[in-house]
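Report on one structure; see the data block that follows.
Residue numbers (my numbering), protein chains in the order written: chain A, 452 to 641; chain B, 113 to 308; chain C, 17 to 204.
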């Protein structure tokens, strides 16, 4: 067996390993531990950068659509949000990537079922929902606290990233769920 | 030996060719992108589904929208600036809306028209009944230069696969954009959409 | 290789290529039909004659011009007219009536002109008085429950359109029946 055969064999093995590992992301370093953050601290993802600035518990709807505010148990999360992507986003897109747990009890608030409103706070009205690329908005997302849970004093919000990739539910590129970016440990005001 | 060197060179060239072809192959988003007809400010752009003419351009720090009954709403502010594109649109053969109105800025960002109702992009359009009205965009002021209007019939890209589109050059050169920004009024009142 | 074998390969290719293309294209065709509602079964009737689709008889009774009665009403777009279209449907058998009531309640009306341009029926209620006609392929009772049309009974349906003046003279009516994507086309 000549030296060329050895060179070819080694090159083949190296190329095969690279070809398989590269697309799979195997050459990237392992994900770091998810950082814990506090009120006012910014986390930047691929689509949005967020900085929560207030969490309040209220017994009246903080964002009534028509007329008087309904009575109930509401949790309002207010955030400074910047769209760092190149496409228009909506408050609903952000709400979809926030996973909430309340204490005492450590129960989950369903990010879809328990959400009652999500909007941009502008001009004292709640009728806007778009966050345009390169612009920052103050945003409020309102949830109802499910009946069996005690009045919350603490809120943990896990912010998950978005990735613009093709080939999941359709052939086209769309925003899909990425890895967790940060866990916010927040006090609930009332 | 010469033959061996030649083989290596050939291998490298072929590898480079493979990489080149893979890089040059359009991605799925380009292959299924809407089929756009280009035009400029003041020109009529004819697509398979609609005709569009951008008539003029206006900026504002805030917008007030007048509805069908002549009532003018409260000012709507923005973190950037409002770009108001006044255009005339007519459906070609079936009724539709031009909800996929986007401002594509020079950095590649795409700004979907404001979700505010009462604008041209939220209006039902029927064949033979053209409509004239405003389309509203919110953008950072430093991205105005070079912005191009792109119009399709759906706001969701997945519904516009190989669909009709109009790309309109708004003529926003650096000097024109600067001039517009300098003359920008604090508030502009727009609407309502009118049938012509 | 003999020429017979070569011809065999050639013929094989002639069959295989269309099969492969069909396998790629036909599912898309299906998707397209579902998405656009085009390409399904079609029945055409001209000159006021009746069209029969799945045991239901369809007839175009009249296309007349309407007028805005209320002077304070929202004006029409310039150079347009109101077209009031009366269409009738009659299930011919009990079976057809039952099938129609169960499956094809979803019906959409539109008018099409000679140039192939189409207009959906208008939502505006102030364009023409109803005169006791139904507004779609079914009627409702006092409790807003849908009342199926029995076999042999004719239901007159009134739909109203705002169309450009130049389209008015050549209007035809199309009733699109979902979800099986069927179309009835009626010409005056």
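No residue lacks a Cβ here, since even glycine has one placed at the ideal position from N, Cα and C.
All values reported here derive from a predicted model rather than from experimental measurement.
Beta-carbon neighbours of residue i, restricted to chain A and to distances below 8 Å
i                      : result
residue 141 of chain B : 617, 623, 624
residue 205 of chain B : Those within 8 Å of residue 205 of chain B in chain A number zero; the least Cβ separation is about 26 Å.
residue 220 of chain B : 537
residue 144 of chain B : 622, 623
residue 262 of chain B : Within chain A, no residue comes near residue 262 of chain B; the closest Cβ sits about 12 Å away, beyond 8 Å.
7 Å Cβ cut-off: residues of chain B touching residue i
i                      : result
residue 96 of chain C  : 241
residue 93 of chain C  : 241, 307
residue 183 of chain C : 240
residue 180 of chain C : 240, 241
Interface partners of residue i on chain A, CB under 9 Å
i                      : result
residue 251 of chain B : 583, 584, 585, 586
residue 192 of chain B : 583, 585, 586
residue 255 of chain B : 584, 585
Residue closest to residue i, alpha-carbon to alpha-carbon, out of the options
i                      : options                    : result
residue 597 of chain A : A/529, A/515, A/519, A/552 : A/552
residue 617 of chain A : A/524, A/626, A/602, A/609 : A/626
residue 483 of chain A : A/640, A/641, A/630, A/635 : A/630
residue 109 of chain C : C/181, C/135, C/72         : C/72
residue 84 of chain C  : C/36, C/98, C/181, C/76    : C/98
residue 637 of chain A : A/516, A/536, A/530        : A/530
residue 191 of chain C : C/36, C/166, C/147, C/151  : C/151
residue 611 of chain A : A/602, A/632, A/604        : A/632
residue 540 of chain A : B/203, B/214, B/189        : B/214
residue 155 of chain B : B/283, B/245, B/255        : B/283
residue 135 of chain C : C/58, C/82, C/180          : C/180
residue 487 of chain A : A/600, A/635, A/640        : A/635
residue 229 of chain B : B/242, B/216, B/211, B/243 : B/211
residue 538 of chain A : A/613, A/640, A/456, A/555 : A/613
residue 608 of chain A : A/536, A/463, A/489        : A/489
residue 187 of chain B : B/253, B/303, B/299        : B/299
residue 86 of chain C  : C/31, C/140, C/75, C/107   : C/140
residue 546 of chain A : A/555, A/528, A/559        : A/528
residue 203 of chain B : B/292, B/219, B/233        : B/233
Presumed contact (8 Å Cβ cut-off) between residue i and residue j, rounded CB distance
i                      : j                      : result
residue 297 of chain B : residue 160 of chain B : With 8 Å as the limit, residue 297 of chain B and residue 160 of chain B do not qualify as a contact, their Cβ atoms being about 38 Å apart.
residue 207 of chain B : residue 237 of chain B : 6 Å
residue 60 of chain C  : residue 67 of chain C  : 7 Å
residue 70 of chain C  : residue 38 of chain C  : No, residue 70 of chain C and residue 38 of chain C are not in contact; Cβ-Cβ is about 28 Å, not under 8 Å.
residue 240 of chain B : residue 183 of chain C : 6 Å
residue 532 of chain A : residue 588 of chain A : 6 Å
residue 201 of chain B : residue 248 of chain B : 15 Å between Cβ atoms; not a contact.
residue 606 of chain A : residue 506 of chain A : 5 Å
residue 301 of chain B : residue 178 of chain B : 6 Å
residue 105 of chain C : residue 165 of chain C : 7 Å
Paired residues, beta bridge with residue i - DSSP
i                      : result
residue 245 of chain B : B/199
residue 149 of chain C : In the DSSP output, where bridge partners are listed per residue, residue 149 of chain C has none listed.
residue 547 of chain A : According to DSSP, which records beta bridges pairwise, residue 547 of chain A is partnered with nothing at all.
residue 153 of chain B : Bridge partners of residue 153 of chain B: none, in fact.
residue 136 of chain C : C/126
residue 189 of chain B : B/174
residue 251 of chain B : B/193
residue 162 of chain C : C/156
residue 102 of chain C : C/78, C/174
residue 168 of chain B : B/198
residue 582 of chain A : A/540
residue 184 of chain C : According to DSSP, which records beta bridges pairwise, residue 184 of chain C is partnered with nothing at all.
residue 627 of chain A : A/614
residue 603 of chain A : Its beta-bridge partners do not exist; DSSP assigns none.
Neighbouring residues, chain B, relative to residue i (Cβ below 9 Å)
i                      : result
residue 467 of chain A : Under the 9 Å cutoff, chain B gives no residues; its nearest Cβ is about 14 Å from residue 467 of chain A.
residue 574 of chain A : 174, 186, 187, 188, 189
residue 580 of chain A : 227
Partners in chain A for residue i, counting only beta-carbon separations shorter than 7 Å
i                      : result
residue 223 of chain B : 539, 583, 584
Cross-chain neighbours of residue i in chain C, by beta carbon under 8 Å
i                      : result
residue 233 of chain B : Going along chain C, no residue has its Cβ under 8 Å from residue 233 of chain B, so there is no contact; the nearest lies around 18 Å.
Interface partners of residue i on chain B, CB under 8 Å
i                      : result
residue 605 of chain A : None at all; the shortest Cβ gap to chain B is about 31 Å.
residue 134 of chain C : 205, 206, 207, 239
residue 455 of chain A : 116
Partners in chain C for residue i, counting only beta-carbon separations shorter than 7 Å
i                      : result
residue 167 of chain B : Residues of chain C passing the Cβ test: none, with the nearest at roughly 17 Å.
Interface residues of chain C facing residue i [CB-CB closer than 9 Å]
i                      : result
residue 180 of chain B : 90
Meets three-Cβ-pair contact criterion under 8 Å: the stretch 174-181 of chain C and the stretch 154-163 of chain C: No, the stretch 174-181 of chain C does not touch the stretch 154-163 of chain C.
Touch test, the stretch 460-471 of chain A against the stretch 495-505 of chain A, Cβ-Cβ under 8 Å, three pairs minimum: Fewer than three Cβ pairs drawn from the stretch 460-471 of chain A and the stretch 495-505 of chain A lie within less than 8 Å of each other, which leaves the two stretches out of contact.
At least 3 beta-carbon pairs within less than 8 Å: the stretch 137-149 of chain B vs the stretch 170-181 of chain B: No, because fewer than three Cβ pairs between the stretch 137-149 of chain B and the stretch 170-181 of chain B fall closer than 8 Å, the two stretches do not touch.
At least 3 beta-carbon pairs within less than 8 Å: the stretch 581-598 of chain A vs the stretch 220-233 of chain B: Cβ pair count under 8 Å is three or more, so yes.
Stretch pair the stretch 256-263 of chain B + the stretch 278-297 of chain B: three plus CB contacts closer than 8 Å: Cβ pair count under 8 Å is three or more, so yes.
Inter-stretch contact at 8 Å, needing at least 3 Cβ pairs: the stretch 189-196 of chain B / the stretch 24-37 of chain C: No, they do not touch.
Cβ contact check for the stretch 128-141 of chain C and the stretch 185-196 of chain C: 3 or more pairs under 8 Å: Yes, they touch.
The stretch 564-571 of chain A contacting the stretch 594-612 of chain A, beta-carbon criterion three pairs below 8 Å: In this structure the stretch 564-571 of chain A touches the stretch 594-612 of chain A; the number of beta carbon pairs closer than 8 Å is three or more.
Given 8 Å, three or more beta-carbon pairs between the stretch 122-133 of chain B and the stretch 508-518 of chain A: No, because fewer than three Cβ pairs between the stretch 122-133 of chain B and the stretch 508-518 of chain A fall closer than 8 Å, the two stretches do not touch.
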